[in-house]
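Keeping their order, the protein sequence lines are chains A and B. Just so we're aligned: 189 in my numbering is position 115 of the first sequence, and the numbers increase by one with no gaps anywhere. Just so we're aligned: 128 in my numbering is position 54 of the second sequence, and the numbers increase by one with no gaps anywhere. Ideal Cβ positions, reconstructed from N, Cα and C, are used throughout, including at glycine. These figures come from a predicted structure and were not determined experimentally. Scroll down for the structure; my scribbles are underneath it.
Protein chains: 2
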Amino acid sequence: MTRANEAWESLMRAYAVLMKQFGAEDVWGDLTMREYDVLYTLSKCDGPLRMSELNRHVLLSQPALSRMVDRLVDRGLVDRCTDPGDRRGVRLSLTPAGRKTQQEIGRPHARSVTRALNVLTPQELEQLAVITRKLAGNEER
Amino acid sequence: MTRANEAWESLMRAYAVLMKQFGAEDVWGDLTMREYDVLYTLSKCDGPLRMSELNRHVLLSQPALSRMVDRLVDRGLVDRCTDPGDRRGVRLSLTPAGRKTQQEIGRPHARSVTRALNVLTPQELEQLAVITRKLAGNEER
DNA sequence: TTAAGGTAGATGCAAACGCATAGAACTTGA
DNA sequence: TCAAGTTCTATGCGTTTGCATCTACCTTAA
């Protein structure tokens with residue numbers, strides 16, 4: 075077993091453990107973590123996002139994401155409108171209610187994340203950020 | 075935004091990117107990645123595993139895992155028998171066919187993992203392993 | 001201009017998922 | 001010893017997922 079494989083296995087395990095831990099916390103209101111992830115991703119981008127862009131960030135198939143966005147639009151959290159420049163496409167953004175919901179959930183969740191990752195030294199945190207950024211392919215933007 | 079939150083976001087993103095990349099590869103036969111994950115986890119443990127143990131390693135709810143094991147048993151890849159010491163529980167292990175399947179998929183997948191993580195220096199790989207082990211809580215066993 | 005090919009997102013459908021809860025087996029304390 | 005509480009896995013049920021495919025729109029080149 076190579077170092078690379080050991081590192082990947084360990085990363086997967088850390089991800090699973092932490093996700094379960096976060097998922098078990100009572101901060102999600104009536105959103106699933108996956109739905110929150112979509113709202114969060116939208117909240118980080120100033121301009122509106124394309125479905126395909128969003129899909130790159132979220133671990134969901136394109137059809138599943140399409141329908142999840144449907145539901146979020148129905149619930150008044152996300153705004154979807156046809157891209158005027160390319161009418162196949164779509165421009166997604168948070169509604170004010172969506173932004174509010176994201177923030178209300180995001181605050182306590184961010185505290186949980188901080189708490190969980192503070193088992194690491196500041197130096198390790200920095201190394202982790204550098205390494206994972208490199209792994210994600212460093213897609214500029 | 076704290077360092078911890080940045081690191082976590084970056085980790086999530088790396089996980090999503092790599093999982094999509096691996097999932098898109100044509101190495102999974104008629105297993106899903108989640109099913110492979112179960113076979114892989116079983117393959118790493120010498121003795122049989124309890125459902126609850128297995129569930130700690132896999133990002134699935136307990137009922138979903140229970141039914142997935144059902145299917146794997148039906149397909150002849152996993153062996154499930156009541157734990158003689160605690161008859162509520164269950165002992166799970168790979169059948170010979172299950173072990174064979176795991177290895178056949180595992181070989182090419184491991185190569186993909188190695189390729190993907192080799193954008194990191196050996197030192198970074200080592201740091202990543204140390205850090206993620208620490209994050210996973212270092213549950214001894 | 002228009003036909004051929006490609007890309008973005010939506011939809012039909014069967015399979016899989018999570019939540020709540022049931023059932024069976026252990027444990028504990030009176 | 002036995003009732004109450006806990007733990008482990010399974011099951012009912014409505015929702016969500018992925019795969020395959022579809023439609024609509026854009027692009028290219030003849």
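Exercise. Assuming residue 202 of chain B and residue 205 of chain A form a contact by the criterion Cβ under 8 angstroms, report the distance between their Cβ atoms to the nearest whole angstrom.
Key: Along the second sequence, read from residue 1 onward, the residue named residue 202 of chain B stands at position 128. Along the first sequence, read from residue 1 onward, the residue named residue 205 of chain A stands at position 131. Between residue 202 of chain B and residue 205 of chain A, the beta carbon gap of about 5 angstroms places them in contact (Cβ cut-off 8 angstroms).
Quiz item: Can residue 97 of chain B and residue 86 of chain B be called in contact, C-beta distance under 8 angstroms?
Solution: If you number the second sequence from 1, residue 97 of chain B lands on position 23. If you number the second sequence from 1, residue 86 of chain B lands on position 12. Result no, Cβ atoms of residue 97 of chain B and residue 86 of chain B do not sit closer than 8 angstroms.
Quiz item: Which residues, in order along the stretch 82-93 of chain B, keep a beta-carbon less than 9 angstroms from a beta-carbon of chain A?
Solution: Listed by position along the chain: 82, 83, 84, 85, 86, 87, 88, 89, 90, 91, 92, 93.
Quiz item: So residue 135 of chain B and residue 153 of chain B are in contact, right, with Cβ under 8 angstroms, and what is the actual spacing, rounded?
Solution: Translated into positions along the second sequence, residue 135 of chain B becomes position 61. Translated into positions along the second sequence, residue 153 of chain B becomes position 79. At roughly 23 angstroms, the Cβ-Cβ gap does not stay under 8 angstroms, so residue 135 of chain B and residue 153 of chain B are not in contact.
Quiz item: Run through DSSP, which three-state label would residue 186 of chain B get?
Solution: Sequence index remark: in the second sequence, residue 186 of chain B carries index 112 (1-based). Helix, per DSSP.
Exercise. Identify whether residue 194 of chain A lies in helix, strand or coil by the three-state DSSP scheme.
Key: For this step, residue 194 of chain A is matched to residue 120 along the first sequence. Assignment of residue 194 of chain A by DSSP, reduced to helix, strand and coil, places it in the coil class.
Exercise. Starting from residue 133 of chain A, trace the alpha helix (DSSP H) both ways and give me its first and last residue.
Key: To locate residue 133 of chain A, count along the first sequence from 1; it is residue 59. That residue, residue 133 of chain A, is in no alpha helix (DSSP H); it is neither H nor E in DSSP.
Exercise. Taking only the alpha-carbon atoms, compute the straight-line gap between residue 84 of chain A and residue 109 of chain B and give it to the nearest angstrom.
Key: Along the first sequence, read from residue 1 onward, the residue named residue 84 of chain A stands at position 10. Along the second sequence, read from residue 1 onward, the residue named residue 109 of chain B stands at position 35. Residue 109 of chain B has its alpha-carbon roughly 18 angstroms from the corresponding atom of residue 84 of chain A.
Quiz item: Do residue 192 of chain B and residue 171 of chain A come within 8 angstroms of each other at the CB atom, strictly closer than that value?
Solution: Counted from its first residue, the first sequence places residue 171 of chain A at position 97. Counted from its first residue, the second sequence places residue 192 of chain B at position 118. Result no, Cβ atoms of residue 171 of chain A and residue 192 of chain B do not sit closer than 8 angstroms.
Quiz item: At a Cβ threshold of 8 angstroms, is residue 179 of chain B touching chain A?
Solution: Working through the second sequence from its first residue, we reach residue 179 of chain B at position 105. Chain A contact via Cβ: absent.
Quiz item: Quick one, which of A/92, A/181, A/75 has its alpha-carbon nearest residue 207 of chain B's?
Solution: Looking up residue 207 of chain B in the second sequence gives position 133. With distances taken between CA atoms, residue 207 of chain B lies nearest to A/92 out of A/92, A/181, A/75.
Quiz prompt | Chain-ordered residues of the stretch 187-203 of chain B with a beta carbon less than 9 angstroms from chain A | solution = The stretch 187-203 of chain B vs chain A, Cβ under 9 angstroms: 187, 188, 189, 190, 191, 192, 193, 194, 196, 198, 199, 200, 201, 202, 203.
Exercise. Measure how close the beta-carbons of residue 146 of chain B and residue 112 of chain B come, nearest whole angstrom, since I'm counting them as under 8 angstroms.
Key: As a first step, residue 146 of chain B must be located in the second sequence, where it is residue number 72. As a first step, residue 112 of chain B must be located in the second sequence, where it is residue number 38. Residue 146 of chain B to residue 112 of chain B, Cβ: 7 angstroms. Contact.
Practice problem: Note down, in chain order, each residue of its chain lying with its Cβ closer than 6 angstroms to the Cβ of residue 214 of chain B, except the 5 sequence neighbours on either side. | Solution: The sequence position of residue 214 of chain B within the second sequence is 140, counting from 1. Residue confidence is low: residue 214 of chain B scores 39 on pLDDT, short of 50, so the model does not pin down where it sits. No coordinate-derived value is stated.
Quiz prompt | Neighbour flag for residue 108 of chain B against chain A, beta carbons, 8 angstroms | solution = By one-based count along the second sequence, residue 108 of chain B stands at place 34. It does not: the Cβ of residue 108 of chain B has no partner Cβ on chain A nearer than 8 angstroms.
Self-check item: Unbroken alpha helix (DSSP H) run spanning residue 113 of chain B, endpoints
Solution: Along the second sequence, read from residue 1 onward, the residue named residue 113 of chain B stands at position 39. Segment 107-118, the alpha helix (DSSP H) holding residue 113 of chain B.
Practice problem: With 8 angstroms as the threshold, decide whether the Cβ of residue 210 of chain A is near any Cβ in chain B. | Solution: Translated into positions along the first sequence, residue 210 of chain A becomes position 136. True, the Cβ-Cβ gap to chain B drops below 8 angstroms.
Exercise. Determine the contact status of residue 266 of chain B and residue 114 of chain A, defining contact as a CB-CB distance below 8 angstroms.
Key: Residue 266 of chain B is absent from the structure shown; chain B starts at 75 and stops at 215.
Quiz item: In the stretch 132-150 of chain B, which residues sit with their C-beta less than 8 angstroms from some C-beta in chain A, listed in chain order?
Solution: Per Cβ criterion, the list reads 132, 133.
Exercise. Could you name the residues that DSSP lists as bridge partners for residue 152 of chain B?
Key: Within the second sequence, numbered from 1, the residue matching residue 152 of chain B stands at position 78. Looking at the DSSP assignment, residue 152 of chain B forms a beta bridge with B/168.
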